[in-house]
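Engineer:
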Amino acid sequence: MQSWLGWPVPADVRVVSGDELLKLISTAEQRGFSRKAHDLHPRDDKSFALLAYLYEGSPEASWMCLVVAISDWTPPPGRHPGMTFGRLDVAVADFASLRRAGRRQRDQLLHWTAWLASSHATRSRPGPETGSAETGGAETGGAETGGAETGGAETGGAETGSAETDGAETGSAETDCAGSG
77 MQSWLGWPVP ADVRVVSGDE LLKLISTAEQ RGFSRKAHDL HPRDDKSFAL LAYLYEGSPE
137 ASWMCLVVAI SDWTPPPGRH PGMTFGRLDV AVADFASLRR AGRRQRDQLL HWTAWLASSH
197 ATRSRPGPET GSAETGGAET GGAETGGAET GGAETGGAET GSAETDGAET GSAETDCAGS
257 G
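Every letter in the sequence shown is one number past the one before it in this note's numbering, and letter 26, counting from 1, is 102.
#1: Determine the extent of the beta strand (DSSP E) in which A167 is found, giving its start and end residues.
#2: With DSSP as the reference, label L126 as helix, strand or coil.
#3: Looking only at its chain, what residues have a beta carbon closer than 6 Å to the beta carbon of A137, apart from the 5 residues adjacent to it on each side?
#4: Do A113 and R163 have their CB atoms nearer than 8 Å?
#5: Spatial neighbours of R179 within its chain, please: CB distance less than 6 Å, with the 5 preceding and 5 following residues excluded, ordered by chain position.
#6: What number of angstroms, rounded off, separates the C-alpha of D95 from the C-alpha of W83?
#7: What are the boundary residues of the beta strand (DSSP E) that S138 is part of?
#8: Determine the contact status of W80 and Y129, defining contact as a CB-CB distance below 8 Å.
#9: Please state whether the Cβ-Cβ distance between A145 and A177 is less than 8 Å.
#10: Report all residues from its chain with a CB closer than 8 Å to the CB of R119; omit the five preceding and five following residues, and keep chain order.
#11: What would DSSP say about S102, mapped onto helix, strand or coil?
#12: What is the residue span of the alpha helix (DSSP H) that R180 lies within?
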């Protein structure tokens with residue numbers, strides 16, 4: 077699969093428990109990786125989807141991953157899932173050993189993030205009820221950031237993987253799907 081930046085990345089979404097994410101964070105700290113899922117709070121009642129978006133060779137071969145914390149894969153009708161975003165570097169071998177998301181989980185995640193991006197983009201358009209395009213209608217990366225690191229209107233706070241900046245590491249989209257950083 078090709079990443080947003082044009083580089084080949086693993087196509088499979090990986091899913092881990094809170095305990096597994098804690099181990100991955102600990103490993104990232106021990107190995108001197110830059111991205112360590114700051115502001116994500118692994119708990120047993122959450123699962124975490126990992127999507128690789130860019131390869132990094134230093135300090136060792138690893139994938140830069142978007143981490144999506146999902147509080148409930150089957151929220152009641154009319155409720156949005158609680159989703160929080162972070163970034164984590166995962167060694168290539170460790171990433172390959174993680175459980176792949178099932179087709180239903182992958183498709184559900186795609187649907188939710190597409191809906192989130194669409195609703196965020198709609199809110200960030202200039203108009204009397206949404207404010208200006210300069211603020212993007214959210215605190216976690218509006219139009220002025222161009223989507224760098226914290227995400228632009230097209231990602232709803234999800235990182236887009238720009239390697240040129242060192243922006244904030246997380247964004248969130250709780251039950252109202254608004255970015256709250």
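All C-beta atoms in this analysis are idealised placements derived from N, C-alpha and C, irrespective of residue type, glycine included. Every value quoted in this text rests on a predicted model; they were computed, and no experiment measured them.
Structural biologist: Per the coordinate set shown:
#1: In the sequence shown, counting from the first residue as 1, residue 167 sits at position 91. From DSSP, the beta strand (DSSP E) with A167 extends over M159 to A167.
#2: Along the sequence shown, one-based indexing puts residue 126 at 50. L126 falls in the strand class under three-state DSSP.
#3: Counting from 1 along the sequence shown, the entry for residue 137 is found at position 61. The beta carbon of A137 is closer than 6 Å to those of V168 in its chain, skipping five residues each way along the sequence.
#4: The sequence position of residue 113 within the sequence shown is 37, counting from 1. The sequence position of residue 163 within the sequence shown is 87, counting from 1. Yes.
#5: Along the sequence shown, one-based indexing puts residue 179 at 103. Hits under 6 Å: none found.
#6: One-based indexing of the sequence shown puts residue 95 at position 19. One-based indexing of the sequence shown puts residue 83 at position 7. Their backbone Cα atoms lie some 30 Å apart in a straight line.
#7: One-based indexing of the sequence shown puts residue 138 at position 62. S138 to I146 is the extent of the beta strand (DSSP E) around S138.
#8: Counting from 1 along the sequence shown, the entry for residue 80 is found at position 4. Counting from 1 along the sequence shown, the entry for residue 129 is found at position 53. Cβ atoms of W80 and Y129: closer than 8 Å.
#9: Counting from one through the sequence shown, the residue named residue 145 turns up at place 69. Counting from one through the sequence shown, the residue named residue 177 turns up at place 101. It is not a contact, given that the beta carbons lie outside the stated cut-off.
#10: Taking the sequence shown and counting its residues from 1, one reaches residue 119 at position 43. Non-local beta-carbon contacts of R119 in its own chain, meaning distances under 8 Å to residues more than five positions away in sequence, involve G94 in chain order.
#11: Taking the sequence shown and counting its residues from 1, one reaches residue 102 at position 26. Annotated three-state conformation of S102 is helix, per DSSP.
#12: On the sequence shown, position 104 is the one that residue 180 refers to. Its alpha helix (DSSP H) spans residues R179 to S200.
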